[in-house]
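Numbering (UniProt numbering), first residue to last: 1 to 685.
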């Protein structure tokens, strides 16, 4: 890459930040002024610098984009599912970026009824997202939501499916989701706080009335909780949920009686997590009650829902994490995780006969899919692995017969037999074994010369399962190994794996990642000259910490929408997400947590040292990680780093946390990232 082009130099305005008798000096604090023209100018200067520094890779980026796009079937269609007498489909047409939603009555041979042609709706918008589709019980109306800014503030509208007309009311500043009562005129939805974007109010809207007159039915006053509303699969109950990282609480109301009052299912108890599903005369409860770290399944009568009435159905097991359940008329389906692998367990209600659906790979992902039907013996699930494209499977729970309805079609000369996936174990500094799944082209030699991209997330108990990606083939086919480090902070090895990577155990997340890198180098999968690190959001925090702690291990790093200014953000409760994050990171208003998070916060720990080549991406409208975090971080890195390595910063001025909205637009961002990595390896074709 060119080096004679001078990078932007951000001005410094000293800002003293003092708490607990400790003073931090933040010279780039001013960048949080979103409307300040100097802030916009700085972001645009960084974008211009990035464009000039990478101008010679633009043709290669276009080649990569076309290559990745060329593997995707453009005229594609989802596997239809049946709900309340209609088959629902989502399809894409060649040359178009957005989906078309449609349905067919009773039979797939029936004429198609277009619900939404999103390509037409998105015309004129730089960003467009349609979601929250929710058809009324009588099939005559559909509620839907749109976001045209990428701040995840959705406007709900309602379409009459008989006339094709849109009702005039617009319900703004919502999560996008909504739930119909059984009267076909009452719609429940969740509002967000204008500033923090916390979802905290549940409203009731009556079709045809002014949204300003909507009735507030619940407000979550605890700022560490979020609220949401949905309907049970049995369609009998409207359920309001409140949840924080550690605690949940539910309220229920029979969907036939929207004029009634919600009643609390079980009052919140700090540390008690539970979720509820309805079946005939009972609620089934997935919960960590009784110190069930990996959760257990309990049940209680519908009229006695307090936890003193709960009884065990599936007891707690220390080696199995219970992740979810799905209820059918004759079967209970349980999603579990054992030794990092997904398990789907089938249990008959009538005789408790049970079995697991067999899977024959060590690095696969399998989970139940859309199963709205109750009175059926067919379970739909999804399966893929690092080498196997995604399959949608209908499984007959009576006979055990599998029907593959669709396997993701990868265009071009793709052959799954050309690739190999492995699971290996690295040893952390405290002796813990860290699982790593990887994929590469067959014939790879462990000679220390392979370029390797190591990816991880490691927060919120979110597990990055080994999944197939046709896009990733552009790296694998050029000799890259792709490795997912299943570090603590996720739940790959159960709930305890998460507990060991949060709050005062958070440093385990970072040292695990570094120890995996060292293992990959020691075992000659790669070397520091060919090792690359990547993570986004909280995984971007991981990247920031890792390059402060062990910059010598990596030739290049990609940090997407990175959460890098941990202390300042967690002290600002006006920022979206902050208060709800205290149970994940700690509350720095308490001195112990302040000192601990300050010890790893990437922005606070940038020092005068050599750093790897770095690419950082963000979105101006990001509602999860504010743009100014990476902007400040880049400015401080530019000021202090002692090397001549590449440091690039790209702000998408039209998008937010999830990046571009179009089906293929997002591939341009991936092409930019891949070109950065491949260029560092001297690969340009």
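Every residue, glycine too, gets a C-beta built ideally from N, C-alpha and C.
Residue range 282-287 is occupied by the beta strand (DSSP E) that includes residue 282. Burial check for residue 454: the Cβ neighbour count within 10 Å reaches 16 or more, so the residue is buried. In the structure shown, residue 400 adopts coil according to DSSP, grouped into three states. A distance of 8 Å or more separates the beta carbons of residue 676 and residue 539.
Exclusion of the five residues before and after residue 25 leaves 14, 15, 16 and 17 as the residues of its chain whose Cβ lies within less than 8 Å of its Cβ.
Put simply, the region 118-138 touches the region 169-189. At least three CB pairs are less than 8 Å apart.
With respect to residue 451, residue 519 sits apart: the two C-beta atoms are not nearer than 8 Å.
In its chain, beyond the 5 residues on either side, 39 have a beta carbon closer than 7 Å to the beta carbon of residue 33. The DSSP-derived three-state label of residue 349 is coil. Residue 604 places its beta carbon 8 Å or farther from that of residue 643.
Per DSSP, the unbroken beta strand (DSSP E) holding residue 425 starts and ends at 419-427. For residue 39, no pairing in a beta bridge is given by DSSP. The count of Cβ pairs closer than 8 Å, one atom from the region 505-522 and one from the region 588-605, reaches three, so the stretches are in contact. Close CB contacts of residue 524 within its chain, under the 7 Å cut and outside five residues either way in sequence, are with 446, 447 and 448 (chain order). When the Cα atoms are used, residue 322 and residue 294 turn out to be separated by approximately 6 Å. Rounded to whole angstroms, the separation of the alpha carbons of residue 11 and residue 56 is 29 Å. The beta carbon of residue 300 sits closer than 6 Å to the beta carbons of 283, 309 and 310 from its chain, once the five residues preceding and following it are set aside; these are given in chain order. The continuous stretches of alpha helix (DSSP H) do not include residue 195, and DSSP gives it neither H nor E.
One alpha carbon belongs to residue 127, the other to residue 666, and they sit about 11 Å apart. Restricted to the region 548-621, the alpha helix (DSSP H) segments that are unbroken, complete and at least 4 residues in length are 566-570, 582-585 and 591-600, listed in chain order. When the beta-carbon positions are compared, residue 31 and residue 628 come within less than 8 Å of each other. When secondary structure is reduced to three states using DSSP, residue 176 falls in the strand class. Cα atoms of residue 85 and residue 261: separation of roughly 30 Å, rounded to the nearest angstrom.
Ranked by how close their Cα comes to the Cα of residue 91, the residues 125, 119, 107 and 105 have 119 in first place.
In the DSSP assignment, residue 70 falls outside any beta strand (DSSP E) and within the unbroken alpha helix (DSSP H) covering 58-70.
Shown here, residue 653 sits in coil according to DSSP, grouped into three states, outside any helix or strand.
Here residue 528 is actually not in contact with residue 546; their C-beta atoms are around 13 Å apart, not less than 8 Å. About 6 Å separates the CB atoms of residue 155 and residue 145; that is less than 8 Å, so the two are in contact. For residue 105, the closest alpha carbon among the candidates 80, 358 and 258 is that of 80. For residue 515, the uninterrupted alpha helix (DSSP H) segment begins and ends at 507-522.
Residue 102 has 89 and 114 as its beta-bridge partners, per DSSP. Around the beta carbon of residue 130, 16 or more other beta carbons lie within 10 angstroms, which makes this residue buried. Comparing alpha-carbon positions, the option among 237, 115 and 77 lying closest to residue 180 turns out to be 237. In this structure, DSSP gives residue 151 a state outside helix and strand, which the three-state scheme calls coil. In this structure, residue 366 sits away from residue 436, with a CB-CB distance that is not shorter than 8 Å. Closest option to residue 560, judged by alpha-carbon separation, among 276, 49 and 633: 633.
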